[in-house]
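Student:
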Amino acid sequence: AQSVTQLDSQVPVFEEAPVELRCNYSSSVSVYLFWYVQYPNQGLQLLLKYLSGSTLVESINGFEAEFNKSQTSFHLRKPSVHISDTAEYFCAVSGNDYKLSFGAGTTVTVRA
Amino acid sequence: DAMVIQNPRYQVTQFGKPVTLSCSQTLNHNVMYWYQQKSSQAPKLLFHYYDKDFNNEADTPDNFQSRRPNTSFCFLDIRSPGLGDAAMYLCATGRVHEQYFGPGTRLTVT
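Chains as they are written, first to last, in the working numbering: chain A, 1 to 112; chain B, 1001 to 1110.
1. What separation, rounded to the nearest whole angstrom, lies between the Cα atoms of L33(A) and T1060(B)?
2. At which residues does the beta strand (DSSP E) containing N1055(B) begin and terminate?
3. In angstroms, rounded to a whole number, what distance separates the CA positions of N1056(B) and Q1014(B)?
4. Given this structure, state the Cα-to-Cα distance separating L46(A) from N1063(B), to the nearest angstrom.
5. Per the DSSP calculation, E16(A) is bridged to which residue(s)?
6. When the cut-off is 7 Å and only beta carbons count, does H1029(B) lie next to chain A?
7. Looking at the C-beta of Y39(A), does it have a partner C-beta in chain B at a distance below 7 Å?
8. Provide the residue(s) that pair with T1093(B) in DSSP beta bridges, ordered along the chain.
9. Using beta-carbon positions only, say whether A1092(B) and Y1010(B) come within less than 7 Å of one another.
10. From which residue to which residue does the beta strand (DSSP E) around Q2(A) run?
11. Considering only residues of the same chain and omitting the five flanking positions on each side of L1083(B), which have a CB-CB separation below 7 Å?
12. Cβ of Y1035(B) within 7 Å of Cβ of L1021(B)?
13. Can you confirm whether L1090(B), when its beta carbon is compared against all beta carbons of chain A, has any partner nearer than 7 Å?
14. From the beta carbon of S59(A), is the nearest beta carbon of chain B less than 7 Å away?
15. Are S73(A) and V4(A) closer than 7 Å when you measure CB to CB?
16. Smallest Cα separation from V29(A): which of Y98(A), A104(A), V110(A)?
17. What in chain A is Cβ-close to Q1036(B), meaning under 7 Å?
18. What residues are listed by DSSP as bridge partners for Y32(A)?
19. Which of the three DSSP states is assigned to I60(A) in this structure?
20. Could you tell me whether the segment 1094 to 1103 of chain B touches the segment 1065 to 1084 of chain B, using the rule of 3 or more Cβ pairs below 8 Å?
21. Under the assumption that V31(A) contacts G95(A) (Cβ atoms under 8 Å), give the Cβ distance between them as a whole number of angstroms.
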């Protein structure tokens, strides 16, 4: 079985400042890691994923995450946030059963 | 565009009155999932289908049922909704380890 811990429940940040959302996982098997974003009253959108290969993965809107096996982490970063990045962010892990285990979520609020 | 569609987006039902939520997909994925998400919480998996093979999570209440008549459609039936069943219900489809979510149906129980 796998599990995910998101270390920050709320992250307030000023526009154009950097942000980091922390995610740690535990698993006894090979893992596949994801970050999803959820805007109010909407479904989850896949932001980026680590399945294999390069440990640094990037999204089209400037987010990146790095898979660190030794620290069992998959932290999400963005060097400069916009107001439109205000949302809930979920880290998730999948194992061999194709089910996702989600973290509790991190609310990012970007202020002008 | 290929996608996951959920109808309706908002559903109001009365306490104890059966309700059905629907999900369709054009991605042709063989796995479909139903999640319940309560306010400020992570999504909680209720059940999933691998093709027509139904898999119930151990803690999913009997009040929740599902049907998948074909690859494209999946339904969530709540037989006797209680106030505690008010939530966002998310449908997702799966390809290997990736899941693609619909916009959700927000259920209100009065």
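Virtual Cβ for every residue (Gly too), placed ideally from N, Cα, C. Quick caveat, the model's predicted, so the values are computed rather than measured.
Tutor: So, from the data block:
1. Using only the alpha carbons, I get a separation of about 25 Å.
2. 1053 to 1056 is the span of the beta strand (DSSP E), which, as asked, contains N1055(B).
3. Whole-angstrom Cα-Cα distance: 26 Å.
4. Within the model, the alpha-carbon separation for L46(A) versus N1063(B) is close to 30 Å.
5. In the DSSP secondary-structure assignment, E16(A) is not bridged to any residue.
6. Not one chain A Cβ lies under 7 Å of H1029(B).
7. Y39(A) does not count as touching chain B.
8. T1093(B) is bridged to M1032(B), Y1100(B).
9. No.
10. For Q2(A), there is no enclosing beta strand (DSSP E), as DSSP marks it with neither H nor E.
11. Excluding positions up to five away in sequence, the list reads F1015, V1109.
12. Result no, Cβ atoms of Y1035(B) and L1021(B) do not sit closer than 7 Å.
13. Answer yes: the Cβ-Cβ gap between L1090(B) and chain A drops below 7 Å somewhere.
14. Proximity of S59(A) to chain B, defined by a Cβ-Cβ separation below 7 Å, is not satisfied.
15. Cβ distance not < 7 Å, so S73(A) and V4(A) don't count as in contact.
16. That would be Y98(A), whose Cα lies nearest to the Cα of V29(A).
17. Within chain A, no residue has its CB atom less than 7 Å from the CB of Q1036(B), the nearest being about 12 Å off.
18. DSSP output for Y32(A) lists S94(A) as bridge partner(s).
19. Correct three-state label for I60(A): coil.
20. No, the segment 1094 to 1103 of chain B does not touch the segment 1065 to 1084 of chain B.
21. 6 Å between Cβ atoms; contact.
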